[in-house]
Structures are given as structure tokens and as C-alpha cells.
Ligand SMILES: [Zn+2]
């Protein structure tokens with residue numbers, strides 16, 4: 033079987049783009065939360081992020097503040113397990129879950145994968161150990177079993193630099209065969225990760241809020257700058273994404289409203 037990379041929409045939020053970027057015209061835009069499943073065709077099933085949590089959130093005052101700032105739109109059909117099931121994929125067959133970062137719109141479905149191996153960065157582990165509203169992490173979204181789950185914690189500072197069609201990226205080859213590179217895309221959150229799949233599609237997480245907003249990402253307004261872990265590195269990463277686009281890599285951001293399900297075609 034040939035490898036596949038599939039996209040699922042697992043909830044959304046909306047935000048005024050004009051309030052985010054200098055020079056952007058005002059207008060509320062919907063930001064869907066994308067989840068991506070790489071199926072190697074050989075038993076490896078690697079999920080990138082998990083979307084929003086459905087049902088009630090038991091996340092206390094931090095959750096109330098978060099939901100006021102970024103109100104989620106999510107119903108039962110948006111649950112990552114439901115989305116996979118509707119596509120004929122048993123969630124229990126997912127072998128790995130890579131988390132780009134730990135914001136609520138990326139970790140809401142973690143609880144659906146108790147048997148998977150989680151791929152995290154050391155920055156994620158640091159953030160989880162000391163959750164604060166400033167880092168946008170809601171501990172209540174993580175299941176009780178999560179600290180004991182199978183996990184691979186990657187130190188991005190130890191990633192070798194690889195050459196992707198002339199663009200330098202720091203990356204870890206997850207399976208040692210070049211099919212799935214976990215990539216250091218710093219700035220948005222501590223230890224923020226992306227993934228380069230089959231050397232062709234870069235899952236960029238929240239390194240930019242949309243693949244059409246990569247250029248604008250260098251001109252963040254004050255408030256969105258403040259919620260970045262490191263706004264200067266965020267701008268540098270956006271420039272790298274632009275370079276990758278220019279050499280023919282398909283860059284897909286978590287909140288892109290993609291119209292297609294299969295991304296390796
Ligand atoms: Zn985020």
C-alpha cells in the first residue's frame with residue numbers, strides 16, 4: 033500500500049485577522065483545527081495533533097479565560113476519534129501522536145489515544161511541568177494516564193541540520209528512513225514542532241496561522257506578538273516557511289481551511 037497523508041477538521045475558532053497583523057484588512061475569519069494522519073502503509077499510523085476536545089471542558093478558571101478569548105466551535109462529530117472512525121480508521125490503530133505544541137486546539141483529542149506513543153519536545157515537557165495561562169496550556173484537557181503514556185521526548189537543540197532542497201532545517205528522522213522528519217519550527221510555543229512528510233509536505237502547526245499568512249507573520253501586532261513564546265524566532269520561522277514554499281514544498285498550517293482530504297496526491 034502506498035503512503036497516505038490525510039486531513040481532518042476537528043473544531044474551529046474565529047478571529048479578526050486585522051487585529052493580528054499590521055497591514056491586514058479587518059475581517060473575522062474562521063480558523064479550523066486540522067489533524068493529520070500519516071499512514072505509512074506498513075502499520076505505522078502517525079497522527080499530527082488531535083484538535084479540540086468535545087463535551088464539557090474541566091479546565092477551571094484558565095479554561096474560562098481561554099474560551100472567552102478564543103471561543104471554540106466544536107460538536108461531537110468534530111471529535112478526532114469520530115473523524116477517524118468515519119474515514120474507516122480505528123483510533124486504536126494509531127501508533128504515534130506527534131504534538132506540534134500543547135494549546136487546547138491541538139491537544140483536545142489526546143485522551144482518545146491511550147495506547148499510542150506520544151512524540152513531544154523537551155519544551156513541551158517543560159511547559160506541562162509548570163502550566164501557566166501565559167503558555168496557553170490547560171492541564172485539565174490531558175487525561176490522568178498521560179504522564180505514564182509511552183512517549184519520546186525530543187531535544188530540538190540536538191537535532192541535526194538537514195538540507196531540504198537548499199533550505200536548512202533542524203530535523204529528527206523519526207523512523208530513520210526519511211519518511212517522517214520531526215522539524216524544529218520555533219517561536220509560537222516553547223519547543224514547537226512541525227513534520228516533513230515524505231519530503232514533500234510540511235505540517236507547520238501554528239508556525240503561521242495560515243499558509244496564506246506566512247508573509248504577514250513577520251508583521252504581528254502587539255497582542256499576538258505577546259502570546260508567542262518568542263516573537264523574533266516566530267518571524268524567523270515564518271521566513272523559513274516562505275523559503276520552503278519557494279522551493280516547492282507544500283506547507284500546510286494547522287488552521288488552513290483545506291478543501292481536500294488526501295495531501296500526498
Ligand atoms: Zn497555538
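In the numbering used here, the protein residues as written are 33 to 297. By construction, the Cβ of each residue, glycine as well, lies at the ideal position given by its N, Cα and C atoms. Predicted, not measured: the structure shown is a model, and the values here were computed from it.
How many Å lie between residue i and residue j at the Cα?
{"i": "residue 175", "j": "residue 93", "result": "18 Å"}
{"i": "residue 273", "j": "residue 246", "result": "7 Å"}
{"i": "residue 60", "j": "residue 52", "result": "11 Å"}
{"i": "residue 165", "j": "residue 137", "result": "15 Å"}
{"i": "residue 120", "j": "residue 85", "result": "21 Å"}
{"i": "residue 210", "j": "residue 78", "result": "14 Å"}
{"i": "residue 112", "j": "residue 199", "result": "33 Å"}
{"i": "residue 185", "j": "residue 153", "result": "5 Å"}
{"i": "residue 268", "j": "residue 129", "result": "26 Å"}
{"i": "residue 90", "j": "residue 158", "result": "22 Å"}
{"i": "residue 125", "j": "residue 275", "result": "35 Å"}
{"i": "residue 214", "j": "residue 225", "result": "7 Å"}
{"i": "residue 170", "j": "residue 82", "result": "15 Å"}
{"i": "residue 100", "j": "residue 47", "result": "12 Å"}
{"i": "residue 196", "j": "residue 231", "result": "8 Å"}
{"i": "residue 127", "j": "residue 75", "result": "8 Å"}
{"i": "residue 279", "j": "residue 193", "result": "17 Å"}
{"i": "residue 123", "j": "residue 293", "result": "17 Å"}
{"i": "residue 252", "j": "residue 282", "result": "23 Å"}
Sorted by chain position, which residues of the same chain lie with C-beta nearer than 8 Å to residue i's C-beta, five sequence neighbours on each side aside?
{"i": "residue 284", "result": "39, 66, 68, 233, 234, 235, 236, 243, 290, 295"}
{"i": "residue 265", "result": "218, 219"}
{"i": "residue 98", "result": "91, 136, 165, 168, 170"}
{"i": "residue 250", "result": "267, 270, 271"}
Going by beta carbon distance, what residues of the same chain come within less than 6 Å of residue i, once the five residues before and after it are set aside?
{"i": "residue 181", "result": "150"}
{"i": "residue 102", "result": "45"}
{"i": "residue 155", "result": "222, 223"}
{"i": "residue 262", "result": "219"}
{"i": "residue 206", "result": "212, 214"}
On the three-state DSSP scale, how would you describe residue i?
{"i": "residue 70", "result": "strand"}
{"i": "residue 138", "result": "helix"}
{"i": "residue 215", "result": "strand"}
{"i": "residue 252", "result": "strand"}
{"i": "residue 156", "result": "helix"}
{"i": "residue 149", "result": "strand"}
{"i": "residue 173", "result": "helix"}
{"i": "residue 243", "result": "helix"}
{"i": "residue 131", "result": "coil"}
{"i": "residue 186", "result": "strand"}
{"i": "residue 191", "result": "coil"}
{"i": "residue 64", "result": "strand"}
{"i": "residue 86", "result": "coil"}
{"i": "residue 292", "result": "coil"}
Check for me: the beta strand (DSSP E) holding residue i runs from which residue to which?
{"i": "residue 44", "result": "36-48"}
{"i": "residue 205", "result": "199-205"}
{"i": "residue 234", "result": "233-235"}
{"i": "residue 225", "result": "225-229"}
{"i": "residue 77", "result": "77-80"}
If I follow the unbroken alpha helix (DSSP H) through residue i, where does it start and stop?
{"i": "residue 268", "result": "263-278"}
{"i": "residue 97", "result": "92-101"}
{"i": "residue 164", "result": "Residue 164 -> no alpha helix (DSSP H), and no H or E assigned at all."}
{"i": "residue 115", "result": "112-118"}
Once the 5 residues before and after residue i are set aside, which same chain residues still bring their CB inside 7 Å of it?
{"i": "residue 178", "result": "142"}
{"i": "residue 34", "result": "73"}
{"i": "residue 114", "result": "108"}
Against chain B, with Cβ distances strictly below 8 Å, would residue i count as a contact?
{"i": "residue 66", "result": "Absence of chain B from the displayed structure is noted, only one protein chain being present."}
As a quick check of your reading: which residues have a C-beta less than 5 Å from at least one non-hydrogen atom of ligand 1, in chain order? 135, 238
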